[in-house]
Amino acid sequence: YDRPTDRGLHFKWPWPVGTARRFDARVQLFDPPGREIFTRDKKNVTVETFVCWRIGQEGTSQSVVTFFRSLGSHEAAAARLESRLRSIVATRVGQLELSNLLRVDDPEAGPAANQAGVLEDLSREIREQLQQGRADGEPLLERLGIEIVDARVKRINFPLGNQQAVFERMKSERQKIADRYRSAGLAASTVIRSHADRQHAELLAKADGDAERIRGEAEAEATSILNQAHAADPEFYRTMRTLDAYRTILNDKTTLVLSASSSLLKMLSEGVPGDAKPGELKPAANATTAP
Numbered sequence: 519y520d521r522p523t524d525r526g527l528h529f530k531w532p533w534p535v536g537t538a539r540r541f542d543a544r545v546q547l548f549d550p551p552g553r554e555i556f557t558r559d560k561k562n563v564t565v566e567t568f569v570c571w572r573i574g575q576e577g578t579s580q581s582v583v584t585f586f587r588s589l590g591s592h593e594a595a596a597a598r599l600e601s602r603l604r605s606i607v608a609t610r611v612g613q614l615e616l617s618n619l620l621r622v623d624d625p626e627a628g629p630a631a632n633q634a635g636v637l638e639d640l641s642r643e644i645r646e647q648l649q650q651g652r653a654d655g656e657p658l659l660e661r662l663g664i665e666i667v668d669a670r671v672k673r674i675n676f677p678l679g680n681q682q683a684v685f686e687r688m689k690s691e692r693q694k695i696a697d698r699y700r701s702a703g704l705a706a707s708t709v710i711r712s713h714a715d716r717q718h719a720e721l722l723a724k725a726d727g728d729a730e731r732i733r734g735e736a737e738a739e740a741t742s743i744l745n746q747a748h749a750a751d752p753e754f755y756r757t758m759r760t761l762d763a764y765r766t767i768l769n770d771k772t773t774l775v776l777s778a779s780s781s782l783l784k785m786l787s788e789g790v791p792g793d794a795k796p797g798e799l800k801p802a803a804n805a806t807t808a809p
C-alpha cells in the first residue's frame, strides 16, 4: 500500500513466513473490448464501455484488507468488474429498442450531440448499479473494498458486418425525407409563382386600364382644345384643312377628276376667303381657259 496507516514499530516475521503485499491505490482504468448485445427489438449493437476504479479511500486500512481477502489482485478485480459490467450493460440495453439508443431529441444539434445525451443517460444508470454492487444493495466498498470513480459508455455502434446495410437503410430513409422536402418546396414554389403571375397580370391590366383612361382623357382634352380653336375662327380652320388636302392630293403622281362645282376647287377658283372678293380673282399669266 502506498502510505502507512498506523505509525510506529510493528513486528514482522521474516520471509517466507511474513511477506509484504503492496497494492496500487491510484485510480485504475478498466477498458474492455466492445461486445455485441441484442436490443429489445432483436437488433444487435456493439457497446464499448470503460470503468475507473480504485481501492476504497474511506477507512483505508479496512478497505485494503477487504480488497486483499475478497480479490487479492488488480487482475481479479478487473475480472469481477468485467463480469458485473457485462451483466448490467446486457440487461439495460436489452430493455431498450434500437430507436431509443439512436433517438434524436434536437434535429438541428446533429447526430453526435444527440447520441451524447443517450450515452450520458445510459452511463449514469450503469454507474449507479455498479456502485450498488449487488441486488441486495451491499456496496462494492464494503463487499470488495473498491469504489467506482466513474463508469461510462464510450460509444454504441453497429457490428462491422451490419454497418453497410444499416448505412444504406439510413441513406434510403434520408433520401425519402429529402424527396418529401423537395416535393413540399416545389409545391410551395408553384403556389408562389402562381401568386406572382396573378399579381403580375393584375398590375399589367391595371396599368393598361390607367393608360387607356389617361389616353382617353388626353384625347378628349386635345379635342376640346381643338374645338375651342375651331370655334374661335371656323373659316380659318376650313381654309387650313383645304390647304392640307391640296398638299396631299396635288403631286406629280395624282390625277384627280372633279366637277367644276366641287367645293374642293372653290379656293382655286375664288381664292382664299377674305383675301379677294368673288369675281376679282385674276388668272395667272400662264393660265389658259377653256373656250
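Heads up: the sequence shown at position 181 corresponds to 699 in the numbering used here, and the numbers run straight through without jumps. Where a beta carbon is used, it is the ideal one built from N, C-alpha and C, also for glycine.
Of the listed residues the options, nearest to residue i (C-alpha basis)
| i | options | result |
| --- | --- | --- |
| A597 | W571, Q575, L616 and L614 | W571 |
| L616 | K561, E646 and A725 | K561 |
| E665 | A538, R539 and R544 | R544 |
| R553 | F529, T584 and A608 | A608 |
| D542 | A595, D668 and F529 | A595 |
| Q649 | L614, L722, T766 and R602 | R602 |
| P657 | A778, A738, T584 and N769 | T584 |
| E753 | M785, K724 and A736 | M785 |
7 Å Cβ cutoff met for residue i and residue j
| i | j | result |
| --- | --- | --- |
| K672 | E566 | yes |
| T557 | P677 | no |
| L659 | G574 | yes |
| P550 | E593 | no |
| S588 | L662 | yes |
| R670 | S641 | yes |
| E810 | R610 | Outside the modelled stretch of the chain, which goes from 519 to 809, sits residue 810, for which no answer is possible. |
| V569 | F548 | yes |
Other residues of its chain near residue i: CB distance less than 8 Å, five sequence neighbours each side excluded
| i | result |
| --- | --- |
| L782 | T760, A763 and L776 |
| G612 | I555, F556, T557 and R558 |
| I767 | L774 |
| Y755 | A747 and H748 |
| V667 | V545, C570, W571 and R572 |
Own chain, CB closer than 6 Å to residue i, minus 5 neighbours either side, in chain order
| i | result |
| --- | --- |
| Q580 | none |
Residue i - DSSP class collapsed to helix/strand/coil
| i | result |
| --- | --- |
| N769 | coil |
| F541 | coil |
| Q546 | strand |
| F585 | helix |
| E730 | helix |
| R558 | coil |
| R613 | It should be pointed out that residue 613 corresponds to Gln in this sequence rather than to Arg. Three-state DSSP puts Q613 in coil, outside helix and strand. |
| S591 | coil |
| F754 | helix |
| S780 | coil |
| V775 | coil |
| L527 | coil |
Beta bridge counterpart(s) of residue i as assigned by DSSP
| i | result |
| --- | --- |
| E566 | R673 |
| E638 | Beta-bridge pairing links E638 to no other residue. |
| G571 | Before going on, a small fix: residue 571 reads as Trp here, not Gly. Its beta-bridge partners are Q546 and I666. |
| R553 | V565 |
Proximity test, residue i beta-carbon vs the ligand GTP heavy atom, cut-off 6 Å
| i | result |
| --- | --- |
| F529 | As for the ligand GTP, it is missing from this structure, which has no ligand bound. |
Beta-carbon contacts of residue i that lie in its chain and below 7 Å, excluding the five residues immediately before and after
| i | result |
| --- | --- |
| A627 | Caution is warranted here: a pLDDT of 46 is assigned to A627, below 50, making its placement in the model unreliable, and no coordinate value can be reported. |
| Q537 | Correcting the residue identity first, residue 537 is Thr in this sequence and not Gln. For T537, where only same-chain residues beyond five positions count, there are no Cβ hits under 7 Å. |
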